[in-house]
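Undergrad: Sharing a structure with you now.
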Amino acid sequence: MNDQVKNWMKQVNESWNRWTNGSLIKGIRITSGVIWNLALLLLIVLLVGGAFVGSVGAGYFASLVDQEPLREEDAMRNSILSYEETSEVYFANNVYLGKIRTDLQRQETKLNEVSPYVLDAVYATEDEYFEVHDGIVPKAIFRGLFQDVTNSDSQTGGSTLTQQLIKNQILTNEVSYERKAKEILLALRIEKFMNKEEILEAYLNIIPYGRNAAGTNIAGIETAAEGIFNVKAKDLTLPQAAFIAGIPQAPFAHTPFTNLGELKPDEGLEPGINRMLTVLYRMKETNYITEDEYNAAIAYDIKKDFRAPEQSIRVRYPFLTDELENQAKQIIAEMLAEKDNIDSTRLEEEAKLNEKYLILADRAMRENGYRIHSTIDKDMYDAHQKVKDNFKEFGPTRSLEVYNSETGENEMKELPVQIGSMLMENSTGRIISFIGGRDHNIEETNHATQAVRQNGSTMKPLLVYGPAIELGYIGAGSPVVDVIPDVMDVSTGKPWPVRNFNPDQELGIIPARQALASSQNLAASRLYMKIKDKNPISFLEKMNFTELHKFDYGASALALGGMTNGVTIQQNTNAYATMANSGQYVPSYMIEKIEDADGDIIFQHKSQSVPVYSPQTAYIVTDMLRDVLSEGTGTRAQSLLKFQSDFAAKTGTTSFANDAWFMGYNPSITLSVWMGYDKEFNLQTSKNGRYLQPGTRANMFWASLMNASYDVNPKLIDSAIEFKAPKGVVSRSFCAISGLAPSNECTRAGLVTSDLFNADTFVPSKADDSFVSSSYVMINNKRYRALPSTPREFVVSGGVGVNKDFIDRMLDNLGGDGSKLFPQNSSFANRVVSEDTFDADGASPGAVSATLSGRTLSWSNSSSSDVVGYRVYSRSSGGNRLLSSVKEAGSNSYQISGPGEYFVVAVDITGKQSPASNTAMIEAPKPEPIPEPTPEPKPKPEPIPEPKPEPKPEPKPEPKPEPKPEPKPEPKPEPKPEPPPVITPPPVVTPPEDEE
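In terms of the numbering used here, the sequence shown opens at residue -14 and continues consecutively.
Right, dumping it as structure tokens:
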């Protein structure tokens, strides 16, 4: 068996050897050897070439990223997570207003607040392998590289979500291999530092999504959900999520809104809807949604979900958003400067430094997602704008020719009457509402906070009466002088410029209360000059009147609001709120607090009051200003109010009626109103008498605003409390004409009155010493003290008089006509009857001219200025007889009792008489002739028969009665005219001696 096997094996070997040693096998072996060697050589070449190409590629890649610094983990995290987030603005009480102006709006959200549909759509469309790759997908990179090299039209994209995040947050959108290489390197690196959830959340917050319904560019899933569909990101449906997920491929082609916030037409919406269908298909293909979900989603009409186009908040609230942004920016600038150890006062003093930090603040406000909470009450603000829009009595719109720098030509511009207003809470300084102007499209200046105008008579309580009471010069009813000074204005070197609203009006001595209520300019300017050396401007400085000019400090016109620059409505309102707040100045503010994106408060307003007036002074001024509404220049406003509150108010009109003001307050709030043109034109321009006086318009607008405010919040506007007199406010009696303590003479004259005083500064204590003789005469309707030589018949007695020292004291060093201290229309006219001594000219008065009308003898006024009256004489054969003495203030007429000759002479204060006037004569009427009686006719005798008839005698003619003598014709229509007077030249007579 073994031998057989061995033989079989031997035979097999021999057969194999014969087959392998054959020519065919030798050829095959040689060929395969060659092939193997070639394959081995090719393999070596490929390996070497690949290594070479890889080395070159790696070297090229290394060269591309050579300048890229090695970024630390914290730096990369900060760069990735520091995406811009738009700041938001709120009304009071956390009522949302909107996002501030910015080129791109974004609102941060967390991953757990996003709909799962959005996540699935992003995975399926943007990065299928996101959850498993390490930042890049090599085949996608090579595919993109191949497409780039071959210039393929079908670019499928090769960037992962991580790469897109790097591109948007660290690098740029630059198209280059260098940027792509850096993107790959940083994507691999960031995946080492951040987990997938962090990367996905960051991506969803930074990716752009086109425009919202207001036409604003938006980024971030939350902003897109609200801006496009008006829902939260967590509430997005499948079709909505697919639509939004498809936008980033071509944001402005796929967004449904135009840059004006209008919904695109159907053809404009088609690209975005087609992209949505593509996203849904990929979600189905990657098994994120089922076939049924897919079919339902593609059949859904997404158009009906788009948010209705809306105006941006700047279009809806232009003055408000601009103001809040400006104020918030200033606050943030000061915070940033403080971080850099720079005192905020330097920002006020150094313009360039302030500009730098304002730029930084503006950038921070548009990137850091602040929540800016204001004090503005939405309902109140809306109500005030409605009143403004509906008010019909602003006055005429003017046209002004202006130069257009763009066209290089002049053009006409409309110039309406502008309006500004502010409602402020007294105790806190909180600005509740304001009106910035008529129309932001016509004029963007905020007239409530930015425009600087003269404040007219609203300055009087702040600079004149308040300081005068505080400094101990007057009480509420103390006498002030409303007489034109006869000195030069030291500030201008010109005659005293101040006049009352009625330039011819001089009320003389009047109570301070009356002077303020009726807004007498002369009284205010004289009182101001009396206290000017005590620096009353310091009261304005404490209340932050920032526009005071060095020329204002010596000007008498400042008492009437005549400033070089002026004040803002906000400053003026804050000053009146100071009076309402017991004299404590609490700076007004509009920003309550600012929160960062995480909800942490980085700024909280804190009020810090500054004492300006004492509580006693503030109350007394307030009590005086109550009269403005009850009997002064604010009665129209009072009559229009729909509710009653403890209001005090002051009106103001500037020179030439360029500005009209109304300031009113109660214990709770202060409301201000200003009207005027942006160019200082006269508000009194009328059109056929249609337009009301500027002050009346301001009264009406203030009342309309106050009524609207009451409708919104009656508890705030009328808090059911009244101003209460603090301790130290006392009522004291005093002599009304001097302000001193009552004397016996003042009491007998009935001139004792009482009013409020600040007991800490001034109460009347010195006894009055002003009264002297009560005899006076009238000259040109003014009272003057009678002289010893003044004829008694022209002297008025029985009243009380004042001495020269009193007159000098009241006129002070400003002078003026002392005779006007007690004019006839003053409240003291019936009691104070002598004022000053008249300086006579020493010459006899000029003659007068007499005339007769019927029995009324009249005469002209003498040309002399010192005449105290006239004497009427009759002339007869027995001499001249005095008929009457007529005082100067009389009617210049006398009733004649019968025929005769009459003349008049003028008498001056010294007793001198004028020459006699012409003689006026009434002739005695001539007696009427007595007519002869008509004889009675004799009876006719009966005829006696005669033997011889005798001839009948002719009857005598009956005598005709003589006609009654007709009176001489007189001018008609006198039924019984009297003989006309005969006027002859005056005889040379010696005037009778003066009678005592």
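Ideal Cβ placement from N, Cα and C applies to all residues, glycine included. This one's a predicted model, so the numbers in the text were calculated from it and none came from an experiment.
1) Can you name the residues that DSSP bridges to Met409?
2) Look at the alpha carbon of Val552 and the alpha carbon of Ser640, and state the distance between them as a whole number of angstroms.
3) So which of Lys872, Asp753, Tyr273 and Val890 has the shortest CA-CA distance to Asn865?
4) Hey, could you find the ends of the beta strand (DSSP E) Ser384 is sitting in?
5) In three-state DSSP terms, what is Thr841?
6) Indicate whether Ala313 and Ile344 have their beta-carbon atoms separated by less than 8 Å.
7) Select from Ser755, Pro236 and Arg86 the residue whose C-alpha is nearest the C-alpha of Lys789.
8) Helix, strand or coil: which one does DSSP assign to Asp400?
9) Since Ile184 contacts Leu146 with CB under 8 Å, what's their CB separation in whole angstroms?
10) So who's on the other strand from Tyr855, going by DSSP bridges?
11) Pop quiz: Pro572 and Asn559 are said to be a contact at Cβ under 8 Å. What is the actual Cβ separation, rounded to whole angstroms?
12) Can you list, in chain order, the residues of its chain whose CB lies under 6 Å from that of Lys445, leaving out five sequence neighbours each side?
13) What do you reckon, are the CB atoms on Ile203 and Arg86 nearer than 8 Å?
14) Which term fits Phe76, buried or exposed, when burial requires 16 or more other beta carbons within 10 angstroms of its beta carbon?
15) Taking its Cβ as the centre, do 16 or more other Cβ atoms sit within 10 Å of Met179, making it buried, or is it exposed?
16) By the DSSP assignment, the beta strand (DSSP E) with His358 in it spans what residues?
17) Tell me the DSSP bridge mates of Ala905?
18) Going by Cα to Cα distance, which pick from Arg511, Ser592 and Glu255 is closest to Ser982?
19) Residues in its own chain within less than 7 Å of Tyr604 by CB, not counting five upstream and five downstream?
20) Ends of the alpha helix (DSSP H) at Asp251?
21) Tell me where the alpha helix (DSSP H) around Ile586 begins and ends.
22) So is Gly478 buried or exposed if we call it buried at 16+ other beta carbons inside 10 Å?
23) Does Trp646 come out as helix, strand or coil in the three-state DSSP assignment?
24) With Thr434 and Gln555 assumed to form a contact (beta carbons below 8 Å), what rounded beta-carbon distance in angstroms separates them?
25) Report buried or exposed for Ile317, applying the criterion of at least 16 other Cβ atoms within 10 angstroms of its Cβ.
26) Who are the near neighbours of Val372 in its chain, counting only those whose CB is closer than 6 Å to its CB and skipping five residues on each side?
27) So, are the CB atoms of Ile764 and Glu886 less than 8 Å apart?
28) Closer than 6 Å by C-beta to Phe747: which residues in its own chain qualify, once you throw out the five before and the five after it? Chain order, please.
29) Quick one: what's got a C-beta closer than 8 Å to Leu448's C-beta in the same chain, skipping five residues either side?
30) Rounding to the nearest angstrom, what Cα-Cα distance links Asn244 and Asp583 in this structure?
31) Give the single residue among Lys767, Glu308 and Phe791 whose Cα lies nearest to the Cα of Ala752.
32) Within 10 angstroms of its Cβ, does Asn440 collect 16 or more other Cβ (buried), or is it exposed?
33) In the structure shown, what three-state DSSP assignment does Leu512 receive?
34) Assign Pro496 to one of three DSSP states: helix, strand, or coil.
35) Looking only at C-alpha atoms, which of Gln225, Leu533, Tyr662 and Arg498 sits nearest to Arg611?
36) Give the secondary structure of Thr681 by DSSP, where H, G and I count as helix, E and B as strand, and everything else as coil.
TA: Walking through what the data contain:
1) Ile416 and Thr655
2) 15 Å
3) Val890
4) Arg383 to Asn389
5) strand
6) no
7) Ser755
8) Looking at the sequence itself, residue 400 is Leu, so the reference to Asp does not match. If DSSP states are grouped into helix, strand and coil, Leu400 belongs with the strands.
9) 6 Å
10) Val871 and Ala891
11) 7 Å
12) Ala509
13) no
14) buried
15) buried
16) Arg356 to Ser359
17) Tyr887
18) Outside the shown range of the chain (-14 to 981) lies residue 982, about which nothing can therefore be said.
19) Phe708, Ala710, Pro711 and Val714
20) Asp251 to Glu270
21) No alpha helix (DSSP H) contains Ile586, which is instead part of the beta strand (DSSP E) from Ile586 to Gln589.
22) exposed
23) strand
24) 5 Å
25) buried
26) Ser689, Leu690 and Ala693
27) no
28) Gly457
29) Tyr513, Pro521, Ile522, Phe524, Leu525, Leu543 and Ala544
30) 31 Å
31) Phe791
32) buried
33) helix
34) strand
35) Arg498
36) helix
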